[in-house]
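>
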Amino acid sequence: MDRRAALKTLGTAAGAFLLEGCMRRVSPVLSSRAPELLHLPRVDVRPELEIRTVVGLRPFRPSGFVVRAEKIGEKLVVHNYGHGGGGVTLSWGTSELAVRLVQETNPSRVAVLGSGAVGLASARLLQERGHEVTIYTKDLPPNTTSNIAGAQWWPYLVYDSDHVTPAFMQQYVEAGSIANRRFQLMVGDRYGIHWRPNYYCSAEPYVTGRFGPENPLHEFLVDLTTIDGPSNPFPRPYVRRVETMMIEPSIYLPAVMNDFLVAGGKIVVQEMHSPGELAQLSETAIVNCTGLGAHALFADQELTPVKGQLTVLLPQPQVNYAALFEDDYMFPRQDGIVLGGTHERDVWTLEPNLEAKQRVLSEQQKFFSAMKA
Numbered sequence: 022m023d024r025r026a027a028l029k030t031l032g033t034a035a036g037a038f039l040l041e042g043c044m045r046r047v048s049p050v051l052s053s054r055a056p057e058l059l060h061l062p063r064v065d066v067r068p069e070l071e072i073r074t075v076v077g078l079r080p081f082r083p084s085g086f087v088v089r090a091e092k093i094g095e096k097l098v099v100h101n102y103g104h105g106g107g108g109v110t111l112s113w114g115t116s117e118l119a120v121r122l123v124q125e126t127n128p129s130r131v132a133v134l135g136s137g138a139v140g141l142a143s144a145r146l147l148q149e150r151g152h153e154v155t156i157y158t159k160d161l162p163p164n165t166t167s168n169i170a171g172a173q174w175w176p177y178l179v180y181d182s183d184h185v186t187p188a189f190m191q192q193y194v195e196a197g198s199i200a201n202r203r204f205q206l207m208v209g210d211r212y213g214i215h216w217r218p219n220y221y222c223s224a225e226p227y228v229t230g231r232f233g234p235e236n237p238l239h240e241f242l243v244d245l246t247t248i249d250g251p252s253n254p255f256p257r258p259y260v261r262r263v264e265t266m267m268i269e270p271s272i273y274l275p276a277v278m279n280d281f282l283v284a285g286g287k288i289v290v291q292e293m294h295s296p297g298e299l300a301q302l303s304e305t306a307i308v309n310c311t312g313l314g315a316h317a318l319f320a321d322q323e324l325t326p327v328k329g330q331l332t333v334l335l336p337q338p339q340v341n342y343a344a345l346f347e348d349d350y351m352f353p354r355q356d357g358i359v360l361g362g363t364h365e366r367d368v369w370t371l372e373p374n375l376e377a378k379q380r381v382l383s384e385q386q387k388f389f390s391a392m393k394a
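When the letters of the sequence shown are read in order and numbered with this note's numbering, they come out as residues 22 to 394.
1. What are the complete beta strand (DSSP E) segments, minimum 3 residues, inside the region 109 to 194?
2. Q291: buried (16+ other C-beta within 10 angstroms of its C-beta) or exposed?
3. State the Cα-Cα distance for the pair P256 and G107, rounded to the nearest angstrom.
4. Secondary structure at E11, three-state DSSP: helix, strand or coil?
5. Using the beta-carbon count (16 or more within 10 Å), is P162 buried or exposed?
6. What are the start and end residues of each continuous beta strand (DSSP E) run of 3 or more residues lying completely inside the region 355 to 382, in chain order?
7. Pull up the DSSP beta-bridge partners for R203, would you.
8. Nearest-angstrom Cα distance between P296 and F319?
9. State the Cα-Cα distance for the pair S198 and G114, rounded to the nearest angstrom.
10. Is there contact between the region 266 to 278 and the region 156 to 176, where contact requires at least three CB pairs shorter than 8 Å?
11. By the 10 Å Cβ neighbour count, where 16 or more other Cβ atoms means buried, how is S383 classified, buried or exposed?
12. What number of angstroms, rounded off, separates the C-alpha of R354 from the C-alpha of L70?
13. I need the straight-line Cα distance from M190 to A344, nearest angstrom please.
14. How long is the line joining the alpha carbons of F232 and E91, rounded to whole angstroms?
15. Could you tell me which residues DSSP puts in a beta bridge with M267?
16. May I have the straight-line CA-CA distance separating G350 from Q173, to the nearest angstrom?
17. Please confirm if the region 178 to 187 is in contact with the region 92 to 99, defined as three or more CB-CB distances below 8 Å between the two stretches.
18. Tell me the residue span of the alpha helix (DSSP H) that contains H60.
19. Please identify the residue among V308, T332, H104 and V75 whose C-alpha is closest to the C-alpha of T370.
20. Rounded to a whole number of angstroms, what is the C-alpha to C-alpha distance between F389 and T186?
21. For G103, does the three-state DSSP call read helix, strand or coil?
22. Are the region 81 to 89 and the region 319 to 329 touching by the rule of at least three beta carbon pairs closer than 8 Å?
23. For Y273, which residues from the same chain have a beta carbon less than 6 Å from its beta carbon, with the 5 sequence-adjacent residues on both sides left out?
24. Going by DSSP in three states, N279 sits in which element: helix, strand or coil?
25. Taking one C-beta from the region 135 to 146 and one from the region 295 to 311 each time, how about it: are there three or more such pairs within less than 8 Å?
26. Could you check the C-alpha separation between G105 and P338 for me, to the nearest Å?
27. Does DSSP put K387 in a helix, in a strand, or in coil?
28. Give me the Cβ distance between G171 and G361, rounded to the nearest whole Å; I'm assuming they're in contact under 8 Å.
29. How is L274 classed by DSSP in three states: helix, strand or coil?
30. Which residue marks the beginning of the beta strand (DSSP E) containing L334, and which one marks its end?
31. Which word fits K328, buried or exposed, when buried means at least 16 other C-beta atoms lie within 10 angstroms of its C-beta?
32. Around the Cβ of R82, are there at least 16 other Cβ atoms within 10 angstroms (buried) or fewer (exposed)?
33. Rounded to a whole number of angstroms, what is the C-alpha to C-alpha distance between G42 and Q379?
34. For E91, does the three-state DSSP call read helix, strand or coil?
35. Does DSSP classify P338 as helix, strand or coil?
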C-alpha cells in the first residue's frame, strides 16, 4: 500500500470515528447552583485600557452555508462558504462534508481557495486523506476574517430560520456534531482552545432559544446550570452557565497553518477574480472557501456581509470566564479582553464604527461595575 492510499484509509477511518463519537445523544439536564455567592473577578472596562478595535465582515446567507459540488469547465469545484458568524465553530464540520464530495472523484491533487478557518480545515482534512494540497489565497493569517472572530464554540448568525430547508438543517446538525468533536481533540495550549464557563445574563426568564430543546444543537450544552438568588453576582436576575470551548484565533490559526505546512502543503498568494481563472490551476479539484469573496467570484447574490466589531482591552489574566448579556459579550483571551456585540447587515466597510464602540464600552462598563464583588 503506498503512502497516499495508507493516509486515505486512515483519514476515512478517522472521519468515521469523528462522526461516530461526536453524537452525545443525551439531552443536557438543567441543574441549579447551591445558594452561595459565585465569586468571579470583575472585568476592568475603561476606555484607556483599549489596545485595538478591529472589524470583520461575516459572510451571511439567509438560507445558510453552501456545501455542494459543481463542474466549472473541466474542474470539480466543491463550495464550502457562507457560514455567517459560525465559520470557526463549524469549520471542521462543513469541511468534512466538502471533503467527502471531493473524495467521490478521488483526485491526487486538490486546490483550496482561502486560508481562513474553513480553508485551513478543508486543507488539513484533505491531507489526512492523502491528497497533495495547495492553498491559493488573497490573504494569510493574521489578515483573514477568522482572525476577527469572537470564536466561542457555538454557531452564531448562520441562517434565518424562515429561509432554511430540512435538508440544510440536517447538514447543519451534522456539521456541528463533527466540528464539536474535532475541536475537543484539539483542546490545549498548542491550539489555544480551552473550556471556559460562559454566563448568559438576562432581564427576562429563559424560556426558548439557545437553551430550549428546540435548538438543533441543544445536546452540546455542557453543564447547563441556573445561577440564581444569592449565588448570582451579575446585575441581571436570570443567569445560566454553560461550559464552552473558547478558541483564540491568534494562536489557533498559525498552529493549524503550521500543521498544513509540516504535512507538505503549499501556499500561493493569489487572488481569483472570476471562475474562468480556475482553468489556469493545475489541480482538477478545487474547494472554494473564499467566504464573502464568493459574492463576486461565484456571483452569489444571496451572500451579504454582516459587519462585526471587537474592542480589545489589555489582558486581565484573572478573568477566566465569558459573560453575555443583551447584545453584548465579553470573552477572555491571553492577548486581551474581547468586547463585542455589533452586527450591521449589508455594510461593506471595514472602518470601525465609533458610535458602536462607545456603546459597547459604556454598556460593558455599567454591567461589570454593577457586579457583586
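Built from N, CA and C at the ideal position, the CB exists for glycine as well.
If you're wondering where the values come from, they're calculated on a predicted model, not measured in any experiment.
This is what the structure holds:
1. 130 to 134 and 153 to 158
2. exposed
3. 28 Å
4. In this structure the chain extends from 22 to 394, so residue 11 is not present and cannot be described.
5. buried
6. 357 to 361
7. None, per the DSSP bridge assignment.
8. Answer to the nearest angstrom: the Cα atoms are 7 Å apart.
9. Spanning the alpha carbons of S198 and G114 requires a straight line of approximately 7 Å.
10. yes
11. exposed
12. 15 Å
13. 28 Å
14. 37 Å
15. Q173 and H215
16. The residue asked about is misnamed: residue 350 is Tyr in this sequence, not Gly. Distance between the alpha carbons of Y350 and Q173: 10 Å.
17. no
18. Counting along the chain, H60 sits inside no alpha helix (DSSP H), nor does DSSP assign it H or E at all.
19. V75
20. 41 Å
21. coil
22. yes
23. These residues qualify, in order along the chain: Y212 and G213.
24. helix
25. At 8 Å Cβ cutoff, the stretches touch.
26. 30 Å
27. helix
28. Indeed, because the Cβ distance is near 5 Å, the residues count as touching under 8 Å.
29. helix
30. T325 to L334
31. buried
32. buried
33. Residue confidence for G42 is low, a pLDDT of 42 falling below 50, so the modelled location carries little weight; the figure read from the coordinates is stated next. Each residue's alpha carbon lies about 44 Å from the other.
34. Strand.
35. coil
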